[in-house]
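Asks:
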C-alpha cells in the first residue's frame, strides 16, 4: 500500500498566489487522491473523435449515452474526470462528488493532418470555469491540448501559457495533453526524443501534469525505458501516458505498471479503454487501474480487481 | 395530448448561475411551450440564402415582405422565431408576443464551399442582445451555426463555446445549428456517423438544443432510425432536424412524426417550408407542425389542421 | 409637395435604448429633413477612388480643394454629408450646420478585385465618433461599406453588425453601403437577385438605410422595376441607390425619379455627379435632387431647379 | 522673413477635445516653430533601413553612434525629431529641449516587396507614449507609416485612423508617412496621381501633416508642379516631402525651395541627407533647411548658411 | 579588477516611470552585479531546442534533470538566469537567491525555416510575471526573441515593443534576443551588417541589452572587429553575444575576451556551453566566464578559474 503524501509535501509552484495556496493544495490532493499520483479518466473524445469512440463494433451500447461517462466516474475510482465545460455543465448536478477537470480546447477529427496542421482552439475563457466553480461545481483543474510542431504551435503555446498562469493564480491544477504532430513532425510523433522534448515543454509552461503518448521502443530500449528519459525531462511536472485504443485489460494494466515503475510516470490518463465497456466492467477497470496508480498494486493484484475477485476503493 | 412538464422537471445546467436560474426556466418553458419540445421557426435565411428563399417561382409573393415572417410567428403557433438581431429589432415592437431567438452569426451563400471552407462569423457581442432584452424585447435565447470539418472550425467552436457559457450565465437558452461541411467532409455531410458526431459536439459545448440535418438512410436503416443514434449521442442536449427545402405538407408532417417518435428528436426547426406559403397556409402549417411537436398529434390529425379541418392552439 | 412626417411616425427600432430614443428621432428627422426620405451626399471617395474623382478631365478644378465638398453641403440642400471622420474633423468647425454621417470604413482602389477580394476595414472605434458628437459636432449617424461575397465578408458583417447595435444604442442612424463583389460574385454584381439579397442582409443587420447599386434591367423588366423587388426585400430598411459616374443632369434626375416612384427607393446617395461640378452648378444639382427626393417634384420641375429657373429650399 | 502665425490662427480640428485644445496649439506651435511650417528631422531609419544608412562608404563615421542624431537635433535647427519610442527613451533625458515625434510603427527592409507586400505594425499602444509625456519628456506628436496599395493596407489604415483620433483627443499632432507600395502599385509609387491620392487619404484620416515622396515629373510638368496638385488634394493637412538619399546640399536646398514655393509644400522631412554628414556639417544643413522652411529664405541665402557664411537660428 | 559602477551612473531610460526608478536601478545593479556588464545564463532551450540540448552524446547525464540549471545558477556566478515563466515557477522557491529573467516567448525547433518563417509567440501577459514578482520571486527582468526578416517580424516587433514599454514602466530590465532569420535573410544571418542592423533595432525598441550571434569574420576583419560596429550601432543598449554550441572552454573564454575587449560587448549570454557539463564543471565555467565579464580577468586567469586553480566569487 502506497503511503499517502501530506499537504506540506505538495510542491506548490510560486505562481500559485498566496490567497490560492490552500485551494491549490486541496485540488492537488483531491486530484491525486492524496498520493501525488494522477488517475485521469479522459472523457473529451466526443469532440476529438466524435461519435466513433462511443458507438460501433466492439463498443458496449451503454457508451452511446453520454451519462455512461459520469456513472463510471461516480461508481468507479479515479482522480479526475476530464471533459469539456459544456458536458460537465449538463450532468454535474447529478454527479456532485466527481472531481472535474475542464478540458479548455478541442477539435474534431474531420480535418486530417494531411489537409492542414492541427490547431485546437480554446473554447471559452477561464471566467466561464471559475463561475461554475463558484456556483459549487467540484472543479479541481484545467486541461489543454498542444500540438507541438504544428504550424499553429505558437497560438497553442500562448493559450496554454496564459491559462496556466491564470489557473495557478486561482488555485487550479493544470494538465497538458502534448502531441507533437504536423507536417514538420511526420512519423516522429512517438519518437523518444520527441516525447521527451514535449515533456520539457510542459515543464517550461509550468504545467502540473503532462499527458503524452508512450514513446516507441528503440535502440534496444523498451517503451517504458524511453519513457523514463521523458519523465526526467519533465522535472517537477508529473508525466502520465495516454491510454490509446482499447486493448485487453491485463495487457493494459501491465503496460501501465511498467510506465510507472520503469518509466517513472506518475499515473495514467485513460479514456476509451474504460468507457467502451459496460458500466460494470468499466467500473472494475477504473478500480484496477487505480490499484496500480494510487496504491502501487502489482499487475496480478490489479487483474484480480478487474476480474471482480478483489475490490479496490479509496 | 402530451402532458406538460413542470418547472422543476427542467434540467437546469450548472453553468446557469443562481441569479439566472428562474429566468432560464422561464425561457425554457416559453420556448418549449411548457412541453420540453421545441418548435423553432427559422427566419435567418435572408442572410444565409439571400433573397432566393423569399422570391421566385413556387414562392408566395407575400414572402417578399419580411414582415410576413413576423405575421406567421404572431398568428401561427411556434415555440420560438429565430432571426438575426437586426431583423428582430426592426419589427419586434409590433409583434411583442413572439418568443425571439437571436441568431448570432450568419453568412451569405455567395462564396461556395468549392471556393473556400465555410465560416459564419459572430455578428455582434452578447451585450447587444442583453440590452434589447432589458429594453423589454421578448428574447428567450440565442442561436449559432457551426460548420464542423471546415478549416475555420476552431473559430466557430470558440465563438459558440464562449457564447453558451455567457448566455447560460444570463438565463438564456442556446440552440446550435451544426452542419459538418468543407473539403474534409465532402459528401459525408449527412452520413449517420457525421450527424451523430455533430450531436455529441453540441452536448460538449453545453447547448440546450442542436439543429442538424436528418441523416441519410443507410445499412438498412431509415433516416429516422439513424437519427435515433444521433439523439442518443446528444445526451441531455435536445436534438431537432432542419426542415430543408419546401415539400408537400403531408410528407413533411410524416417525416417530422418519424423524427420525433422513431428518431427521438425533441421537436423541429422549420423555415422555408412555412414562410414560402401564403400567410393563411403558413399559419395552418405552423399549427399542424406544433400539433405533432407540442401535442403528440398523429400525422392524420396534423394534416387535418393543415387542411383547416381542425384547429390547434396552445 | 410631399407631406412631412411627424416624430411619432418614425419607426424606432427596439435596439435604440430608451435614453437614446429622442436622439434617434432627432437624427432621423434631421437626416431625412422631416420627410422619411434620405438625400445623402457621398463624400468618401477621396479614399475609395483617391484623387481620380476630384481632378482630371471633365472635372471642375474647384473639386481639387476638399473644402469644395463642404461648401456644396453648406450652400446646397441635402440630408446628410457622408465622409470619413478625419475629413469631417478638419472642416466641421467652419460648417457647423451640415448634418454629418461618419463613414466608418474605407479602402483605396489600388488593389483590384482581380488581385484580392475586397475588404474595407473599420478606421476607428465608435468612441472616436461619440467624442466628436459630445464636443458639439453635428453628427447624425454612421456609414459602413460591406462587400458581400468577398472572402472577407464575415469580417465586414461582424464589424457592421456590432456598429449598428452600438450606434442605435446611442441614438445614431446607420447607412450601409452594400456592394456584392469578389471572385464569387463575378459579373453578377448588379444582377437583380444579388441586389435584392443585399437589401435583405441590410435589414437583418438592422440598418436604417442601405445604399446599393441600381440593378440591371433584365427579363423584360427595367432597372427601376427590378429595384422595386429589392426595396420590398429591404422591408423596414430604407433603400437608396448609388449615383455612379457623372452623367447628364436631366438623365440623372429622371433615373432618380424612377428609382423612387417605380423602384420604391426612399431617396438617393450621390457623390461624383454633384461634386465634380463647379460650386454653383453642384449647389443647383443638390437642390434639383432634393426637390425630387424630399418634395416629390416632377423631373421637369427638378430640371428647372438645376437650370436655375426655379429654386428649392427647405 | 516669414511672419509668425498666432495661436488663434491654428486651425484646431474638432477631434481635439476641449481639454486638449491648448496642448494641441502648444504642440503645433512648437513643432512648426510658430510658423505653420514643419521641419521634420527623420530619425527612424535604424529600423527601416537598419545599419546601412548609418555606416559605410560616403557616410561620416560619426553617424554610427546613435547619439549623433540627438546632437544634431539639439545643436541644429529643426521643428521635430522623429524616432521610435525606445530610441527617444534612451537619450531624451540628456536632450530635453528637442521636440520629439514618436514614430509609432516600423519595419525592417529585410523582406522585400517582391517577397511580400509591406506591412509596418504598431510597436506599442498610445499609453506608452502618454506615460512618457507625463513623465516630462517633450513629446509633441506621433508619426505612422502607411503603405497604401499593400495587401495589408486595411490594417495600417485602421491603426492610423484610431491613433489619430486618440492622439488628437490628447492634444498631440500626427504626421503620416504615406508610401503607396506593393504588387498593386508596381512602378507607380511616385506617379503624380498616386501621390495626390495619398495626400487625400491623409486628410480623410485627419492627419496634421503628411510626408510623401516627391512625384515624378510628367506630361510636361515638373515634380514641384505635380506636387502642387497633391498639396491641394491634401486640403487642410499640410504636405511635406521625404528627402530621399543624400545629394549635394545646394541641389537639395533648391529642390526644397521649389517644393514649398511651387509645390505648396508646408515644409520638409529630411533624414539621411542630414545625419550622414559630420556633426558640424549636419548642423549647418539643418539650419540651411530651416532657413527655407521656417523663414522663407532664398536658395542662395540657405546655401550661405550651409557653407557657414551666414547663420540661422530661431 | 573592474571598478564597480555606482547607482547614479546607471543611465535610466525615460520610460522608467518615477515610481519605478529605484526598482529599475536595483534590477540593473543586480543583473550586472554592480558592474554594468551582463553575465546571462540562458536556460530557455528546453522549448527552443527541446530535449536535444539536455540529453545525448557529449552531454553530462546531470543535464537531463531540469533542476541542474538551478543548481548551476545557485552555486555558480552569473548575473541572471533566463528561463520561461513556468520553469521558474516550479523551482524558484528552492532557489530564492538567483536573479531571474523571464523569457516571454518561445518556439520549438520542430518547424524548420525551410517550411515556414519563424515566429515565436508571447506565452503570457506581463501581469503573470508581475504577480510572481509581487509574491516575492526575485525577478529582475524580461527576455524576448525577435526574428528580424521573418514574414512574422511585425508581430514580434509589436510584442517586444509593447513589453519593453510596460516592463520599464514597472522597473524591470529587458533583454532582446535578435536573430535575423527567414527566407528573406537566407545565409546572411550572421553577416556583419545584419548583426549591426539588429543591434540598432534593439536600441529603437528601447531594450537594455541585446543578445546577437557573433558576426562572421569578413573583409579582413575578425568577428570581434565586426562586432565592434554592431556594439556602436546599439548605442546605449548593451550588446552581448550568444554562446552557441559547446566548445572547448579555453577557446570559449578567449572568444568572450575578444568580444568584450575588441568587440565592445558588455557581457555574454551563455547556455549550452555551461549546462551540458557536470555540475562541478559547469559551476567552474560560470565563474571563469564571470571573471572575464564581471571583473575584466585575462583569458589566462579565467582558464585557471575553470581549471579549479583559482576561485572567483562576487
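Residue numbers (our numbering), protein chains in the order written: chain A, 8 to 321; chain B, 8 to 321; chain C, 8 to 321; chain D, 8 to 321; chain E, 8 to 321. Note that beta-carbon positions come from the ideal geometry of N, C-alpha and C, so glycine has one too.
Please give me, in chain order, every unbroken run of the beta strand (DSSP E) with length at least 3 that falls completely inside the stretch 249-290 of chain B.
Replies: 274-277
Asks: Mind checking which residues open and close the alpha helix (DSSP H) that includes residue 306 of chain B?
Replies: 306-313
Asks: So, helix, strand or coil for residue 204 of chain A, using DSSP?
Replies: helix
Asks: Across the stretch 256-263 of chain A and the stretch 289-301 of chain A, are there enough close Cβ pairs to call them in contact, namely three or more that are closer than 8 Å?
Replies: yes
Asks: Examine the Cβ distances between the stretch 219-237 of chain E and the stretch 93-113 of chain D and report whether three or more of them are shorter than 8 Å.
Replies: no
Asks: Is the distance from the Cβ of residue 153 of chain C to the Cβ of residue 184 of chain C below 8 Å?
Replies: yes
Asks: Indicate, with yes or no, if the ligand COA has a heavy atom lying under 7 Å from the CB of residue 275 of chain C.
Replies: No copy of the ligand COA appears in this structure; indeed no ligand is present at all.
Asks: Would you mind reading off the limits of the beta strand (DSSP E) that contains residue 18 of chain B?
Replies: It is not in any beta strand (DSSP E) - residue 18 of chain B carries neither H nor E in the DSSP assignment.
Asks: Report yes if the C-beta distance between residue 187 of chain C and residue 196 of chain C is below 8 Å; otherwise report no.
Replies: In this structure, residue 187 of chain C places its C-beta atom within 8 Å of the C-beta atom of residue 196 of chain C.
Asks: Measure from the C-beta of residue 73 of chain A to each C-beta in chain B and report whether the shortest distance is under 8 Å.
Replies: Interface annotation, residue 73 of chain A: in contact with chain B, CB-CB separation under 8 Å.
Asks: Anything in chain D within Cβ reach of residue 6 of chain E, meaning under 9 Å, just list it in chain order.
Replies: Absent from the model: residue 6 of chain E. The displayed extent of chain E is 8 to 321, so no value can be given.
Asks: Which residues in chain D have a C-beta closer than 9 Å to the C-beta of residue 248 of chain E? List them in chain order.
Replies: By Cβ distance, chain D contributes nothing, its closest Cβ being about 17 Å from residue 248 of chain E, past 9 Å.
Asks: Does the structure place the stretch 58-77 of chain A close enough to the stretch 274-294 of chain A that three or more beta carbon pairs sit under 8 Å?
Replies: yes
Asks: For residue 13 of chain D, count neighbouring Cβ atoms within 10 angstroms of its own Cβ and tell me buried if that reaches 16, exposed if not.
Replies: exposed
Asks: For residue 233 of chain A, which three-state DSSP category applies?
Replies: helix
Asks: Going by DSSP, what residue range makes up the beta strand (DSSP E) through residue 53 of chain C?
Replies: Residue range 52-55 is occupied by the alpha helix (DSSP H) that includes residue 53 of chain C, with no beta strand (DSSP E) assigned at that position.
Asks: Does chain C have any CB closer than 8 Å to the CB of residue 92 of chain B?
Replies: yes
Asks: Residues of chain D with CB under 9 Å from residue 119 of chain C, in chain order?
Replies: Going along chain D in sequence order, the residues near residue 119 of chain C (Cβ under 9 Å) are 191.
Asks: Counting only beta-carbon separations shorter than 8 Å, does residue 115 of chain D have a partner in chain E?
Replies: The C-beta of residue 115 of chain D comes closer than 8 Å to at least one C-beta of chain E.
Asks: How about residue 220 of chain A and residue 241 of chain A: are their beta carbons less than 8 Å apart?
Replies: no
Asks: Count the other C-beta atoms from every protein chain shown that fall within 10 angstroms of the C-beta of residue 173 of chain A, then say buried if there are 16 or more, exposed otherwise.
Replies: Taking all protein chains shown into account, residue 173 of chain A has 16 or more neighbouring C-beta atoms within 10 Å of its C-beta and is therefore buried.
Asks: Does the beta-carbon of residue 129 of chain E have 16 or more other beta-carbons within 10 angstroms, so that it is buried, or is it exposed?
Replies: buried
Asks: Just to make sure I have the definition right: I need the residues of chain C whose C-beta is within less than 8 Å of the C-beta of residue 126 of chain B. Which are they?
Replies: 161
Asks: Return the residue from the list C:97, C:160 and C:136 that minimises the CA-CA distance to residue 126 of chain B.
Replies: In terms of Cα proximity to residue 126 of chain B, the closest of C:97, C:160 and C:136 is C:160.
Asks: Check whether the stretch 93-101 of chain D touches the stretch 300-319 of chain D, taking contact to mean three or more Cβ pairs, one atom from each stretch, closer than 8 Å.
Replies: no
Asks: State yes or no: is the C-beta of residue 206 of chain E within less than 8 Å of the C-beta of residue 217 of chain E?
Replies: yes
Asks: Whose Cβ in chain G lies nearer than 7 Å to the Cβ of residue 20 of chain A?
Replies: This model lacks chain G altogether; the protein chains it does include are A, B, C, D and E.
Asks: Does residue 132 of chain E have its Cβ less than 8 Å from a Cβ in chain A?
Replies: yes
Asks: I want to verify the contact list: residues of chain B whose CB lies under 7 Å from the CB of residue 171 of chain C, in sequence order.
Replies: 93, listed in chain order.
Asks: Which class does residue 42 of chain B belong to by DSSP, given the choice of helix, strand or coil?
Replies: Coil.
Asks: List the residues of chain E whose Cβ lies closer than 9 Å to the Cβ of residue 243 of chain A, in chain order.
Replies: 73, 74, 97 and 98
Asks: Less than 8 Å between the CB atoms is what I'm expecting for residue 284 of chain D and residue 18 of chain D, so what's the real figure, rounded?
Replies: The Cβ separation is near 36 Å, so there is no contact.
Asks: Sorted by chain position, which residues of the same chain lie with C-beta nearer than 6 Å to residue 166 of chain A's C-beta, five sequence neighbours on each side aside?
Replies: 129
Asks: Would you mind reading off the limits of the beta strand (DSSP E) that contains residue 91 of chain C?
Replies: Where residue 91 of chain C is concerned, the enclosing beta strand (DSSP E) stretches over 87-91.
Asks: Buried or exposed: where does residue 53 of chain A fall if 16 or more other Cβ atoms within 10 Å of its Cβ makes it buried?
Replies: buried
Asks: Suppose you measure from the CA of residue 57 of chain B to the CA of residue 55 of chain A; what does that come to, to the nearest Å?
Replies: 34 Å
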